[in-house]
Structures are given as structure tokens and as C-alpha cells.
Amino acid sequence: FTEMPTDNFVESSFWNFDALFQPQQHPARDQHDTFFLLEGSEQFLGSLGVPPAPPSMCFLPQEKFTPVKYFSIDRVFRNETLDATHLAEFHQVEGVVADKGLTLGHLMGTLRQFFTKLGISQLRFKPAYNPYTEPSMEVFSYHEGLKKWVEVGNSGVFRP
Numbered sequence: 024f025t026e027m028p029t030d031n032f033v034e035s036s037f038w039n040f041d042a043l044f045q046p047q048q049h050p051a052r053d054q055h056d057t058f059f060l061l062e063g064s065e066q067f068l069g070s071l072g073v074p075p076a077p078p079s080m081c082f083l084p085q086e087k088f089t090p091v092k093y094f095s096i097d098r099v100f101r102n103e104t105l106d107a108t109h110l111a112e113f114h115q116v117e118g119v120v121a122d123k124g125l126t127l128g129h130l131m132g133t134l135r136q137f138f139t140k141l142g143i144s145q146l147r148f149k150p151a152y153n154p155y156t157e158p159s160m161e162v163f164s165y166h167e168g169l170k171k172w173v174e175v176g177n178s179g180v181f182r183p
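Residue numbers (my numbering): 24 to 183.
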């Protein structure tokens, strides 16, 4: 895996939303869900860890395809109501694997291996909607302290 740049906390609407096919009316674009730097500004604190991926992938060779693997560990910011499972600032791990013939099964296997190495083995996958991936899944793990399943990840296959 090659590390994507993770030192850009201020994002533009283009890389955070448009490059990821986020619809103009999506709730994540609202003032109440995003920390905009100035009212009416197109710049804000990054609300997704994904934005480093599109710029990195834009430079993939177009003539001869070469498989690549990228990852990042980013600080992300969301205008959330704080509770046991939500914070306004947190770290998010992102990974992008580009190769021919990959399936949803490959993604699930990679996620199981990743979480197992973190000591998280009780996992469930649930279909989800992400405007930038299809198919998409949320990943849940059972939290002994809370006595319930909590979301630990979101995933999907980028559109070709």
C-alpha cells in the first residue's frame, strides 16, 4: 500500500463532494452537517476521509493499467451531536485498491483481514447507499461495553 497525503484538513466542495458523485441536494452538503470556514464558502474542514483518493487516482496511467493500493489515516470533522458513538472530530482509515477482476467478495475479505488484525473479529456487513460507490456496505462490530452492534466502517466499490 502507498500512503495518500493526509495533511490537508481544508477541502473544497469539488474533491469532497463533486468528484465522489455526491448529489447537490445530499444532506452532507448542508451547513448543519459540515464545518464551513466562512458562511457561503466552498471550503470547509474535511467531512470524509475519501477526498485524497480521487486526486491520487486521477494520475493513474491511462495507457497501460497498473494495479495500485492506497491508504490514508485522516482526521475528519462533522457537525454531529455528541454521544457514545459520534464525535465532531475523529480519525478515519481509508483504502483504495484498483485492479482488474476485483469483486465485492474481495472487499469483504480485505475488511475482515483488516479488522481481525485490529482485534475486531465479530463483524456484520449491511448493504448501504454511498453516491460514490456501488455496491456499498456498512461494517458493524459488536461492542461489549455498549451491548450492541455499532458501525465501524463504510465501504464500497468505486465506479469504473
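We put the CB at the ideal spot given by N, CA and C, even for glycine.
Problem - Limits of the beta strand (DSSP E) - the one that H114 falls within - result: E112 to A121
Handout entry: Pair within 8 angstroms by beta-carbon distance, S178 and V162
Key = yes
Practice task
Excluding the 5 residues preceding and the 5 following T156 in the sequence, name in chain order all residues of the same chain whose CB lies nearer than 7 angstroms to its CB.
Solution key: Cβ neighbours of T156 within its own chain (closer than 7 angstroms, five residues either side excluded): G179, V180 and F181.
Exercise for the section: Compare the beta carbon distance of I96 and V119 with 8 angstroms and say whether it is the shorter of the two. Expected result: no
Problem - Minimum C-alpha distance to S164 - residue among T126, P158, R135 and Y152 - result: Taking S164 as reference, the option from T126, P158, R135 and Y152 with the minimal CA-CA separation is R135.
Practice task
Identify every residue that forms a DSSP beta bridge with Y93.
Solution key: T25 and V119
Practice task
Using DSSP bridges, identify the partner residues of V162.
Solution key: Bridge pairing for V162: F148 and G176 [DSSP].
Practice task
Tell whether a beta-carbon distance below 8 angstroms holds between F100 and E112.
Solution key: yes
Practice task
Within its chain, find whatever has a CB closer than 7 angstroms to the CB of E65; leave out the 5 residues flanking it on each side and keep chain order.
Solution key: S35 and S36
Problem - E34 - containing beta strand (DSSP E), residue span - result: V33 to S35
Practice task
Report the rounded CA-to-CA distance for E174 versus E26, giving the unit in angstroms.
Solution key: 24 angstroms
Exercise for the section: Let me know if F24 comes out buried or exposed under the rule of 16 or more other beta-carbons within 10 Å of its beta-carbon. Expected result: exposed
Exercise for the section: Please confirm whether D122 and P90 have their CB atoms less than 8 angstroms apart. Expected result: Cβ atoms of D122 and P90: closer than 8 angstroms.
Exercise for the section: Ignore the nearest five residues each way along the sequence and tell me which others in G176's own chain have a CB closer than 6 angstroms to its CB. Expected result: Answer for G176: V162, listed in chain order.
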